[in-house]
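Residue numbers (the numbering used here): 953 to 1077.
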């Protein structure tokens, strides 16, 4: 294992376990998933104070975690895709795309993410 990946993994598993709180629900574009997340700045502040090992967010939320002044704060897990497979009603056209298809990991590196998450769908024709 290269040193950089070990450092990133240590941020997630500093005691051998990892609690990753996912609030990347906006990727589904399903309003019911967003109940309780309307004030995302307050939600992020509460989560940082609760001190999970990691917080999983979309790119648009990542700065709320990374600009927090606390030295000891949860690690960033960045979602790198968006899709409509989780919607309550099935769409005629299903899709899943990367945020930046040419360099999907670039934003994670720029935001100093400890890990990335992406869904792999087998969408029927």
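From the three backbone atoms N, C-alpha and C, an ideal C-beta is built for every residue, glycine too.
Using a 10 angstroms sphere on the CB of residue 1049, the tally of other CB atoms stays under 16, which defines it as exposed. Considering only 958, 964, 957, the residue with the shortest C-alpha distance to residue 1029 is 964.
Around the C-beta of residue 1022, fewer than 16 other C-beta atoms lie within 10 Å, and the residue is accordingly described as exposed. Boundaries of the alpha helix (DSSP H) harbouring residue 1058: 1058-1062, taken from the DSSP string. Under the 10 Å beta carbon count, residue 1008 is surrounded by 16 or more other beta carbons and is classified as buried. Distance from the Cα of residue 1015 is smallest, within the candidate group 971, 1057, 1064, for 1064. Cβ-Cβ separation between residue 1066 and residue 1020: approximately 15 Å, too far for a contact (criterion under 8 Å). If you look at residue 1070, you'll find it isn't in any alpha helix (DSSP H); DSSP assigns it neither H nor E.
Ranked by Cα distance from residue 992, the options 1005, 1006, 977 are led by 977.
Residue 995 places its beta carbon 7 Å or farther from that of residue 1031. In the three-state reduction of the DSSP assignment, residue 976 falls in the coil class, being assigned neither a helical nor a strand state. Within the same chain, and ignoring the five residues on either side of residue 1018 in sequence, the residues whose Cβ sits closer than 7 Å to its Cβ are 1028, 1063, 1064. The Cβ atoms of residue 973 and residue 999 lie closer than 7 Å to each other.
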